[in-house]
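Novice: Yeah, the sequence shown ends on 313 if you go by UniProt numbering, and it's all consecutive.
Backbone N, C-alpha and C fix where the C-beta goes; we use that ideal spot for every residue, glycine too.
What you are looking at is a predicted structure, and each value in this text was computed from that prediction instead of being measured.
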Amino acid sequence: MVSAELAARLNDREYTNWLKAGRCLLILKDGLLPFTDRHMRAFHGDLLNQSAVLRSPCRDSCRPRGNKLLGCKVCSEWQKAILRHHRQPDVTVNWDNCFPPYWRTDHWEVAKAFMPRGQAKVKGADKCDAPALLNLINYCKYFSFVDPKLVREVIRCRNELMHSSEYHVTDDWIEHYWTALNHFVNQFRDVPEMGTVGNKIDEMLTLNLSIYVSDVDQMDSGGLDDGLEVDFVSHKESDADVGQWEAELLEEILQELLQAADEDTDSQTQDTERLKSLGGFLQTNKDLNERFSAELQTINSLMAKEKGRGRSE
1 MVSAELAARL NDREYTNWLK AGRCLLILKD GLLPFTDRHM RAFHGDLLNQ
51 SAVLRSPCRD SCRPRGNKLL GCKVCSEWQK AILRHHRQPD VTVNWDNCFP
101 PYWRTDHWEV AKAFMPRGQA KVKGADKCDA PALLNLINYC KYFSFVDPKL
151 VREVIRCRNE LMHSSEYHVT DDWIEHYWTA LNHFVNQFRD VPEMGTVGNK
201 IDEMLTLNLS IYVSDVDQMD SGGLDDGLEV DFVSHKESDA DVGQWEAELL
251 EEILQELLQA ADEDTDSQTQ DTERLKSLGG FLQTNKDLNE RFSAELQTIN
301 SLMAKEKGRG RSE
């Protein structure tokens, strides 16, 4: 049986909207992974074929310092090649995502230069999340057949979703998100791995996750259809599946915020507030409090340090 806490959340329509929208990002990621990996291998091969310098090994074990990279002759040429193929080379390029000595041999180290911050420890395409792949497609000219306006709209929706402090989105927001995803996915109609992604997204966004609750004294069952005598309106998904989806989505947000809170950036204060909000959400739900107990300890430790820092200033 599903826990009372999860059942209560799944009977909140705007929360399930948020949860299903997040699940769609994982569906999208699974379709994009083999495609982006294959294209970056080809791109990497093209770069090597075009330049003898790029085929030479790094001379000085170059490493970025912060987000700056003053590389040897070989790594400097790699930087120039990456910037030439960057749609917006004037924006911040996250060189600290990369280990430059691997650029010659590892196509994914090159790919990470086109991604958001926080990719330094990511080894391989299969470890990347949806925003990393979407940003790669957005910024790398090798994906020129993809309309940048469409991918940017999906990125914008993703950021709104993941930055929602209440973990709720409206039906109107879902309709817009659904349209944005469909327009983006339709550009990949000839890509085998993306063939079923559109249908899976449609199925997910029409899935009814509400719960039938027999013990009305235990929790609010308002909004449920009359006469149901099963746990889930949808028979396709079990409570374990949905609980796992929720945990994966919350874990992704947690890791993103913990990393951001640990960095010295202009948005650190905003990230800290979002982390505090997420910690409060996890603590007020007993099942999530137990599942994320270690992460909550880390959040509380960070909040204590932040409070101490504020007193000392």
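Which word fits P89, buried or exposed, when buried means at least 16 other C-beta atoms lie within 10 angstroms of its C-beta?
Specialist: Residue mapping note: residue 89 aligns to position 89 of the sequence shown, counting from 1. So P89 counts as exposed.
Novice: Would A125 and L133 be called neighbours here (beta carbons separated by less than 9 Å)?
Specialist: For the purposes of this step, residue 125 is taken as residue 125 along the sequence shown, with counting starting at 1. For the purposes of this step, residue 133 is taken as residue 133 along the sequence shown, with counting starting at 1. Contact flag set, yes.
Novice: Between which two residues does the alpha helix (DSSP H) holding V169 run?
Specialist: For the purposes of this step, residue 169 is identified with residue 169 of the sequence shown, where counting begins at 1. Here V169 belongs to no alpha helix (DSSP H), and DSSP marks it neither H nor E.
Novice: Taking the alpha carbon of N11 as the reference point, which residue from E306, V242, R291 has its own alpha carbon closest?
Specialist: Indexing the sequence shown from 1 puts residue 11 at position 11. It is V242 whose Cα lies nearest to the Cα of N11.
Novice: Pick out the complete alpha helix (DSSP H) segments inside the region 40-91, 4 residues or longer, and give them in chain order.
Specialist: Runs of the alpha helix (DSSP H) inside the region 40-91: 73-84.
Novice: Who pairs with C140 in a beta bridge, going by DSSP?
Specialist: Along the sequence shown, read from residue 1 onward, the residue named residue 140 stands at position 140. The partner list for C140 (beta bridge, DSSP) reads H86.
Novice: Flag this pair as yes or no: are the beta carbons of V185 and I201 separated by less than 9 Å?
Specialist: Counted from its first residue, the sequence shown places residue 185 at position 185. Counted from its first residue, the sequence shown places residue 201 at position 201. For V185 and I201, yes; Cβs fall inside 9 Å.
Novice: Should K29 and D129 be called a contact, given that it needs their Cβ atoms to be closer than 9 Å?
Specialist: Along the sequence shown, read from residue 1 onward, the residue named residue 29 stands at position 29. Along the sequence shown, read from residue 1 onward, the residue named residue 129 stands at position 129. Yes, the pair counts as a contact, with Cβ atoms nearer than the cut-off.
Novice: Just to confirm before moving on: does the CB-CB distance between R41 and H86 stay below 9 Å?
Specialist: If you number the sequence shown from 1, residue 41 lands on position 41. If you number the sequence shown from 1, residue 86 lands on position 86. Not closer than 9 Å, so no.
Novice: Can you check whether the CB of E252 is closer than 9 Å to the CB of G31?
Specialist: By one-based count along the sequence shown, residue 31 stands at place 31. By one-based count along the sequence shown, residue 252 stands at place 252. Taking 9 Å as the Cβ cut-off, G31 and E252 do not qualify as a contacting pair.
Novice: Would you mind reading off the limits of the alpha helix (DSSP H) that contains G198?
Specialist: For this step, residue 198 is matched to residue 198 along the sequence shown. From DSSP, the alpha helix (DSSP H) with G198 extends over 197-206.
Novice: State the DSSP-derived secondary structure class of V104, mapped to helix, strand or coil.
Specialist: In the sequence shown, the residue the question calls residue 104 occupies position 104. Note on residue identity: the sequence assigns Arg, not Val, to residue 104. R104 falls in the coil class under three-state DSSP.
Novice: For M115, which three-state DSSP category applies?
Specialist: Here residue 115 refers to the residue found at position 115 when the sequence shown is read from its first residue. Residue state, collapsed to three classes: coil.
Novice: I'd like to know whether the C-beta atoms of L161 and V169 end up nearer to each other than 9 Å.
Specialist: By one-based count along the sequence shown, residue 161 stands at place 161. By one-based count along the sequence shown, residue 169 stands at place 169. The answer is yes: Cβ separation under 9 Å.
Novice: What is the DSSP secondary structure of C24, counted as helix, strand or coil?
Specialist: Position 24 of the sequence shown, counted from the start, is the residue given in the question as residue 24. In this structure, C24 counts as helix in the three-state DSSP scheme.
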